[in-house]
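In this note's numbering, the protein residues as written are 7 to 202. Below is one structure, written out as structure tokens; the observations come after it.
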Ligand code: SF4
């Protein structure tokens with residue numbers, strides 16, 4: 007869904023004129039700055055900072071513009087300047103902002119103890135410690151140090167008991183670190199959600 011064309015053009019034009027060619031037009035007496043400022047003040051997206059980002063729901067990488075006012079995300083929309091989507095978003099991308107603001111969105115890790123019938127909120131430190139302990143235990147219990155190749159026993163130093171699954175929302179830098187961590191742990195199964 008796109009915004010009404012007149013609103014988009016007005017807002018973009020005001021910003022462009024304000025920071026780009028505005029000075030020249032003002033010098034030439036072509037702009038009524040009082041009227042421009044008054045109009046901008048009433049706009050829904052006045053006093054916002056825009057940041058470009060990408061949709062994290064699939065691996066297409068559609069560009070989005072996030073509008074932030076006073077540190078709070080107030081709108082997300084397709085990026086008209088992005089080479090992939092030219093402002094368009096599919097139904098999943100459109101729901102990005104609703105997902106962000108949903109009262110049902112989980113913001114802390116949750117844990118369900120063995121045999122328990124309910125989940126409990128735990129801290130990120132607790133969650134990280136639990137995951138680290140399980141990774142260590144599983145890795146140690148399933149470590150393959152050597153393997154027979156032909157008539158030779160060769161070192162392989164890996165575990166087949168743990169897999170690593172990345173996602174479309176991971177950045178290149180994150181993926182680099184994930185690969186390093188996974189290989190250092192001896193993981194052979196490193197996959198990406200978009201290939202499944
Ligand atoms: S907007 Fe739709 S197609 Fe584009 S990245 Fe998001 S989920 Fe994928």
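Ideal Cβ placement from N, Cα and C applies to all residues, glycine included.
Problem set entry | the ligand SF4 heavy atom lying under 8 Å from the CB of residue 93 | For residue 93, the shortest C-beta to heavy atom distance toward the ligand SF4 is 8 Å or greater.
Exercise. To the nearest whole angstrom, what separates the beta carbons of residue 119 and residue 144, a pair I think is in contact under 8 Å?
Worked result: That pair is no contact at about 19 Å.
For this session: Note down, in chain order, each residue of its chain lying with its Cβ closer than 8 Å to the Cβ of residue 199, except the 5 sequence neighbours on either side.
Result: In chain order, 65, 171, 172, 173, 174 place their CB closer than 8 Å to the CB of residue 199, counting only its own chain and leaving out the 5 sequence neighbours on each side.
Problem set entry | Pairwise C-alpha distance: residue 130 and residue 56 | Going by the C-alpha atoms only, they are around 29 Å apart.
For this session: Check the DSSP bridge columns for residue 161 and list the partner residues they point to.
Result: Its beta-bridge partners are 152.
For this session: Would you kindly work out how many angstroms separate the C-alpha atoms of residue 153 and residue 109, rounded to a whole number?
Result: Going by the C-alpha atoms only, they are around 51 Å apart.
Exercise. Does the ligand SF4 have even one heavy atom less than 8 Å from the beta-carbon of residue 63?
Worked result: Indeed, a heavy atom of the ligand SF4 lies less than 8 Å from the Cβ.
Exercise. For the beta strand (DSSP E) that residue 77 lies in, which residues bound it at each end?
Worked result: According to the DSSP assignment, residue 77 belongs to no beta strand (DSSP E), since it is labelled neither H nor E.
For this session: Compute the distance between the beta-carbons of residue 141 and residue 183, then report whether it is under 9 Å.
Result: Taking 9 Å as the cut-off, the Cβ atoms of residue 141 and residue 183 do not count as close.
Exercise. Between which two residues does the alpha helix (DSSP H) carrying residue 106 extend?
Worked result: Looking at the DSSP string, the run of the alpha helix (DSSP H) that includes residue 106 is 102-107.
Problem set entry | Whole-angstrom distance between residue 70 and residue 189, CA atom to CA atom | The alpha-carbon atoms of residue 189 and residue 70 are separated by roughly 33 Å.
Exercise. So, residue 169 versus residue 195, is the Cβ gap smaller than 9 Å?
Worked result: Cβ distance < 9 Å, so residue 169 and residue 195 count as in contact.
Exercise. Residue 57 lies in the beta strand (DSSP E); which residues open and close that run?
Worked result: 55-60 is the span of the beta strand (DSSP E), which, as asked, contains residue 57.
Exercise. By the 10 Å Cβ neighbour count, where 16 or more other Cβ atoms means buried, how is residue 99 classified, buried or exposed?
Worked result: Residue 99 should be labelled buried.
Exercise. Leaving out the 5 sequence neighbours to the left and right, which residues in its chain are closer than 6 Å to residue 185 when beta-carbon positions are compared?
Worked result: Excluding sequence neighbours, residue 185 sits near nothing in its chain.
Exercise. How long is the line joining the alpha carbons of residue 86 and residue 126, rounded to whole angstroms?
Worked result: For residue 86 and residue 126, the distance between alpha carbons rounds to 42 Å.
Exercise. Tell me which same chain residues have a C-beta within less than 8 Å of the C-beta of residue 103, skipping the five on either side of it?
Worked result: Correct list, in chain order: 79, 81, 82.
Exercise. For residue 60, is the beta carbon positioned less than 8 Å from some heavy atom of the ligand SF4?
Worked result: Yes, the ligand SF4 has a heavy atom inside 8 Å of this Cβ.
For this session: Can you tell me which of the three DSSP states residue 193 falls into?
Result: In the three-state reduction of the DSSP assignment, residue 193 falls in the strand class, which pools E and B.
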